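Participant: Numbering (UniProt numbering), first residue to last: 1 to 93.
This structure is in structure tokens; I'll ask about it shortly.
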Amino acid sequence: MILLTRLSGTAFVLNADLIERLDSTPDTVVTLVDGTKYVVAESMNEIADLVRTYRGEIIALGTQLGRAPTEQPARPTHLTPVADHPGIPEVRD
1 MILLTRLSGT
11 AFVLNADLIE
21 RLDSTPDTVV
31 TLVDGTKYVV
41 AESMNEIADL
51 VRTYRGEIIA
61 LGTQLGRAPT
71 EQPARPTHLT
81 PVADHPGIPE
91 VRD
């Protein structure tokens with residue numbers, strides 16, 4: 001979720017995953033995937049930065065959930081070994 005400001009000055013929180021498009025006409029217009037449009041005070045670059053920061057925080061938090069800070073990520077156990085390919089050196093753990 002990102003915090004945006006309507007031209008009237010009221011703030012609202014928007015689900016950044018629903019943004020389809022940003023336009024500058026010269027006011028910034030946020031168009032959602034369902035066609036809803038919001039005219040906001042922030043510039044397109046500011047909104048793009050907010051979305052990048054939001055998504056980066058989600059990824060960072062996701063990597064920390066379910067394990068201690070010093071614990072290494074679990075290796076996938078559902079993968080099946082593949083036969084060696086001629087010409088590619090064998091990799092050992």
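Cβ atoms here follow ideal geometry from the backbone N, Cα and C, with glycine treated the same way.
Only a predicted model underlies this, so the values are computations on that prediction, with no experimental measurement involved.
Below 8 Å between beta carbons: does that hold for Leu22 and Ala11?
Facilitator: no
Participant: For residue 147, which option in Lys37, Ile59, Thr63 has the closest C-alpha, if you only look at C-alpha atoms?
Facilitator: Past the edges of the chain, shown from 1 to 93, lies residue 147, and the structure says nothing about it.
Participant: Please return the same chain residues whose Cβ sits closer than 8 Å to the Cβ of Leu18, not counting the five positions on each side in sequence.
Facilitator: Excluding sequence neighbours, Leu18 sits near Leu32, Val33, Asp34.
Participant: Check for me: the beta strand (DSSP E) holding Thr5 runs from which residue to which?
Facilitator: Counting along the chain, the beta strand (DSSP E) containing Thr5 begins and ends at 2–5.
Participant: Would you identify the three-state DSSP class for Thr28, choosing helix, strand or coil?
Facilitator: strand
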